[in-house]
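Contents: one structure, followed by commentary.
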Amino acid sequence: MTEAADEGLPRAVAIAWGMVADPQRGPKRELSHERIVEAAIEIADADGLGAVTMSKVASSLGFTTMALYRYVTAKEDLLHLMQEAVTADRLTAPETDLMPPADDDGERSGWQRELRLIADQLYAMYREHPWLTDIPVSSAQLLTPNNLLVADQAIRAMRTLPITDHEKVGVLLLISTFVRSAAELARDMADEYQQLSATAVARRVEIVKELVSPERFPYLRPLVDSGAYIVEMEDPPDDDTSDYEFGIHVIIAGVAQYADGREPVASAVADPGIRTEDQLAEAMGLDHVRKDAKVRDAVKKRREAETKLREARKRERELIKAALERGAK
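Mapping to our numbering: the sequence shown position 10 is 5, numbers consecutive.
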């Protein structure tokens, strides 16, 4: 294990938080924690995580391995810092056009959209840097700034959900675990198909159909015949996101179903005040708010008032137009 920093944190975590300064002694030709991590990421992107060694990173920067150890004392720390860096790259400029399907009311639920966006960004990060899933999960990863930012964004998305704090953490764990596993599966399947010829893939399908007989596997065999269980394809499924799309949709829909109709939890609403239109929309997305008799009555009166306002404005425009026409005569 990596020796902990003086502050009681793993050294990689302390470095990520800027609590460990660059060495004052040793090489000074632009060597830093950031440059070391950048070089390691470039190697991993090109050749995989197995190619990342302290000596290779040092060589790519034009330094000795011993010079590198002045900054990063163990490869384990370097791996954590690499993961932290690519998380920052992905989450600092998220694509905001990733939207889940509209619900039955024709309105998009704010918390579902936010959770889906976070999941999509994490999945894209894993697909962009496939070596990430080769880094063992550890408690240190839960303490770095950008991983904490992901957790904070997810908890923010669920702030109005009527579930307990422990359940929110459980949802976060479920989503993050699924995203990582889905990305790893997609990578491994793509790698396997790249090593097989089209003939080999076709032959494998034929063998499976022979082995999975209707008598022994009466429920699985129809899925084999339809291509749902084993796919017949010549190209590797590198860009196929259907499994991920289905899985994340089911998870978020399941959370919605679990929370539907439950009584509000005190900690679920951090700030009950309504200050913006977004907050109002989020509040109206809650089942118990939308179905409240007084709220429904207020919505009805507001819509009636909006109708009268539109009619008044229309009448106003007509009168102004008439006045202009009279003045032109």
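Ideal placement from N, C-alpha and C gives every residue a C-beta, glycine not left out.
Looking only at its own chain, which residues have a Cβ that is under 6 Å from the Cβ of residue i, when we skip the five neighbours before and after it?
| i | result |
| --- | --- |
| T159 | V260 |
| H124 | V81 |
| P96 | At P96 the pLDDT is 43, less than 50, meaning the model places this residue with poor confidence and gives no usable figure here. |
| A152 | W106, E109, L110 |
| V15 | A9 |
| A317 | none |
| T212 | Before going on, a small fix: residue 212 reads as Phe here, not Thr. The answer is none, since no qualifying residue turns up. |
Since residue i is in the alpha helix (DSSP H), which residue starts that stretch and which ends it?
| i | result |
| --- | --- |
| I31 | 28 to 42 |
| K51 | 49 to 56 |
| D115 | 105 to 123 |
| Q252 | 237 to 254 |
| M61 | 60 to 64 |
| D220 | 216 to 221 |
| P136 | The identity of residue 136 in the sequence shown is Gln, whereas the question assumes Pro. From DSSP, Q136 is part of no alpha helix (DSSP H); its letter is neither H nor E. |
| R6 | 6 to 11 |
Measure the Cβ-Cβ separation of residue i and residue j and say whether it is below 9 Å.
| i | j | result |
| --- | --- | --- |
| L215 | V226 | no |
| R175 | Y239 | no |
| T128 | E179 | yes |
| V8 | A146 | no |
| G242 | A177 | yes |
| A149 | I130 | no |
| L117 | R85 | yes |
| Y224 | V245 | no |
| A185 | T236 | no |
| G13 | W126 | no |
| L143 | L137 | yes |
| A195 | N141 | no |
Using a Cβ-Cβ cutoff of less than 8 Å, which residues in the same chain neighbour residue i once the five nearest sequence positions on both sides are dropped?
| i | result |
| --- | --- |
| T91 | With a pLDDT of 38 at T91, under the threshold of 50, the modelled position of this residue cannot be trusted; read the value that follows with caution. Excluding residues within five positions, the ones whose Cβ falls inside 8 Å are L112. |
| R30 | L56 |
| S218 | With the sequence shown as reference, residue 218 is identified as Leu, and Ser is not the correct amino acid for it. Correct list, in chain order: Y224. |
| A41 | none |
Exposed or buried, what is residue i when buried is set at 16 or more other beta-carbons lying within 10 Å of its beta-carbon?
| i | result |
| --- | --- |
| T60 | exposed |
| H75 | buried |
| K350 | In the structure as shown, the chain starts at -4 and stops at 324, and residue 350 therefore has no counterpart that could be examined. |
| D98 | Here the model assigns D98 a pLDDT of 44, short of 50, so the residue's position is not dependable and the matter cannot be decided. |
| L220 | The residue asked about is misnamed: residue 220 is Asp in this sequence, not Leu. The residue is exposed, with fewer than 16 neighbouring Cβ atoms inside 10 Å. |
| E79 | buried |
| L319 | exposed |
| I247 | buried |
| A293 | exposed |
| L167 | buried |
| P267 | In this predicted model, P267 has a pLDDT of only 49, less than 50, meaning its place in the structure is not dependable enough to derive any value. |
| I315 | exposed |
| S288 | According to the sequence shown, residue 288 is Ala rather than Ser. Burial call: exposed. |
| A11 | buried |
| Q252 | exposed |
| T302 | exposed |
| V132 | exposed |
| A254 | buried |
| T155 | buried |
Residues in the same chain with beta-carbon distance under 7 Å from residue i, minus the five sequence neighbours each way, listed in chain order, please.
| i | result |
| --- | --- |
| A35 | V47, V52, L73, M77 |
| E258 | P157 |
| I38 | A46, V47, K51, V52, S55 |
| R312 | none |
| R291 | none |
| P394 | Since the first residue shown for the chain is -4 and the last is 324, residue 394 is missing from the structure and cannot be characterised. |
Compute the minimum distance between the beta carbon of residue i and the heavy atoms of the ligand ZN, and state whether it is under 8 Å.
| i | result |
| --- | --- |
| T60 | Among the components modelled here there is no ligand, and therefore nothing to report on the ligand ZN. |
(message) Could you tell me which whole alpha helix (DSSP H) segments of length 4 or greater appear in the stretch 166 to 214?
(response) 193 to 206
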